[in-house]
């Protein structure tokens, strides 16, 4: 898969510091060995160092080169707690409560990023999505001007005629059940940035609907039309169009009939679905029926790259997501 090879090569040049809070988890340790061996990123493992080394020995892996940090004893705890109190002062968070929270690696990791001691985070192999994301939302927060976090999937459809040489980006497949007009617009803009940062494509964004250019009338269609207008205000240079049915977005012959004046229709490489229900069903249909490779979700809209793994993830999934997170960090910070 040439894209992943390029993403990994880029990550090797960036050498970002990626923190893995699940430091004793076997797949995480096996992925760490590969990442360090292939020089993909600098890895920080959280947990008791003795327990991490014991777990690594039991897995038969070499994690020499990883930085091992115990959140319960690290010297930066007090400074991190002060930052947490400042961020959450309106909620009445005390320093004692913050110090207790920092015992949790899923809290300590975002605070490392917030304080400039790490560039990105990957977790979720043994933790629920909510537990991974809650501290990120509380302390790292979203990008300026962005109010919503969303999840994109990179879809490799094995047909170079679609998207960017067979690669499409779908969103939001993971987070927002029913985005409003503003949120849908933000999802479109941030997904375009993800596509450019990770895939290297020039994004052409289709705002999907069951209608193309007024062929149907419904409040759900109005939402997409209004979101398009907002997205154009947020990023006037973005190539984006809607509302488009899927065939009009992807098939040139259909686009010529339904949207002949569109610079996106028939050539879209970023598909923004009107809601999570459609997006989640859509990516899984393509994955299962077209035998497409789906990589993600890549979380977007955060002020720093923090990505959530599936608890059924493989070692290669973790390696790939570390490389993707490194690319996101480079796009945000470099």
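Residue numbers (our numbering): 298 to 631.
Where is the CB? At the ideal position from N, CA and C, for every residue including glycine.
Please read these numbers as outputs of a predicted model, since none were measured by experiment.
(1) Taking residue 332 as the reference, which of 617, 627, 631 and 624 has the closest Cα?
(2) What does a CB cutoff of less than 7 Å around residue 491 pick up in its chain, not counting 5 residues either side in sequence?
(3) Tell me, which residues are paired with residue 452 by DSSP?
(4) Based on Cα-Cα distance, which residue from 516, 613, 348 and 551 lies nearest to residue 592?
(5) Of the residues 378, 384, 497 and 627, which one's Cα is nearest the Cα of residue 397?
(6) Determine the DSSP secondary structure at residue 439, reduced to helix, strand or coil.
(7) Starting from residue 547 and walking both ways along the beta strand (DSSP E), at which residues does that stretch end?
(8) From 387, 487 and 564, pick the residue whose C-alpha is nearest to that of residue 628; which is it?
(9) What is the residue span of the alpha helix (DSSP H) that residue 379 lies within?
(10) Could you tell me whether the Cβ atoms of residue 600 and residue 503 are closer together than 9 Å?
(11) Taking the continuous beta strand (DSSP E) assigned at residue 315, which residues delimit it?
(12) Would you grab the beta carbon distance between residue 322 and residue 422 for me? Rounded to a whole angstrom, and I think it's under 8 Å.
(13) Measure the Cβ-Cβ separation of residue 531 and residue 482 and say whether it is below 9 Å.
(14) Expressed to the nearest angstrom, what Euclidean distance is found between the alpha-carbon atoms of residue 484 and residue 538?
(15) Between the Cα of residue 348 and those of 340, 366 and 338, spot the shortest distance and give me the residue it belongs to.
(16) By DSSP's criteria, residue 567 is part of a beta bridge. Which residues make up the other side?
(17) For residue 436 versus residue 381, is the C-beta spacing smaller than 9 Å?
(18) Between the C-alpha atoms of residue 555 and residue 471, what's the straight-line distance to the nearest angstrom?
(19) If you draw a straight line from the C-alpha of residue 409 to the C-alpha of residue 415, how long is it?
(20) Would you decide whether residue 623 is buried or exposed? Buried here means 16 or more other CB atoms lie within 10 Å of its CB.
(21) Take every Cβ of the segment 516-531, pair it with every Cβ of the segment 573-580, and state whether three or more of those distances are shorter than 8 Å.
(22) Quick test of your reading: residue 583 and residue 468, contact by CB under 8 Å. State the CB separation rounded to the nearest angstrom.
(23) Hey, could you find the ends of the beta strand (DSSP E) residue 604 is sitting in?
(24) In the DSSP assignment, find the unbroken beta strand (DSSP E) run with residue 342 in it and report its ends.
(25) Determine the contact status of residue 620 and residue 403, defining contact as a CB-CB distance below 9 Å.
(26) Can you give the Cα-Cα distance for residue 606 and residue 529, rounded to whole angstroms?
(27) DSSP has residue 536 in a bridge; who is on the other side?
(28) In terms of alpha-carbon separation, which member of 411, 413 and 374 lies closest to residue 394?
(29) Terminal residues of the continuous beta strand (DSSP E) containing residue 472?
(30) Starting from residue 420, trace the beta strand (DSSP E) both ways and give me its first and last residue.
(31) Are there 16 or more other CB atoms within 10 angstroms of the CB of residue 392, so buried, or fewer, so exposed?
(32) What do you reckon, are the CB atoms on residue 447 and residue 476 nearer than 9 Å?
(33) Cα separation between residue 457 and residue 551?
The relevant details are as follows:
(1) Comparing Cα-Cα distances from residue 332 to each of 617, 627, 631 and 624, the minimum goes to 617.
(2) For residue 491, the CB contacts under 7 Å within the same chain, skipping 5 residues up- and downstream, are 449, 466, 595 and 597 in chain order.
(3) According to DSSP, residue 452 bridges with 465 and 591.
(4) When each option's Cα is compared against that of residue 592, the closest is 613.
(5) That would be 378, whose Cα lies nearest to the Cα of residue 397.
(6) Strand.
(7) Looking at the DSSP string, residue 547 is not in any beta strand (DSSP E); the run it does join, the alpha helix (DSSP H), is 543-547.
(8) For the residues 387, 487 and 564, the minimum Cα distance to residue 628 belongs to 487.
(9) It spans 374-384 - the alpha helix (DSSP H) in which residue 379 sits, taken as one unbroken run.
(10) Not closer than 9 Å, so no.
(11) From DSSP, the beta strand (DSSP E) with residue 315 extends over 314-317.
(12) Between residue 422 and residue 322 the Cβ distance is about 5 Å, and since that is below 8 Å, they are a contact.
(13) Less than 9 Å divides the Cβ of residue 531 from the Cβ of residue 482.
(14) Going from the Cα of residue 484 to the Cα of residue 538 covers about 14 Å.
(15) Here the closest residue by C-alpha is 366.
(16) As a beta-bridge residue in DSSP terms, residue 567 pairs with 466 and 502.
(17) The answer is yes: Cβ separation under 9 Å.
(18) Whole-angstrom Cα-Cα distance: 30 Å.
(19) Roughly 5 Å separates the two Cα atoms.
(20) It is buried - the Cβ of residue 623 has at least 16 other Cβ atoms within 10 Å.
(21) The segment 516-531 vs the segment 573-580: no contact.
(22) Under the criterion of beta carbons closer than 8 Å, residue 583 and residue 468 do not qualify as touching, at roughly 14 Å.
(23) Where residue 604 is concerned, the enclosing beta strand (DSSP E) stretches over 603-605.
(24) Under the DSSP assignment, residue 342 falls in the beta strand (DSSP E) whose first and last residues are 339-343.
(25) Result no, Cβ atoms of residue 620 and residue 403 do not sit closer than 9 Å.
(26) Rounded to whole angstroms, residue 606 and residue 529 show a C-alpha spacing of 32 Å.
(27) Here residue 536 is bridged, per DSSP, to 501.
(28) Looking at the Cα atoms, 374 is the closest of the given residues.
(29) Membership of residue 472 in any beta strand (DSSP E) is not indicated, and neither H nor E is assigned to it by DSSP.
(30) Under the DSSP assignment, residue 420 falls in the beta strand (DSSP E) whose first and last residues are 417-420.
(31) Exposed, by the Cβ-count rule.
(32) It is a contact, given that the beta carbons lie within the stated cut-off.
(33) Cα-Cα distance, rounded: 18 Å.
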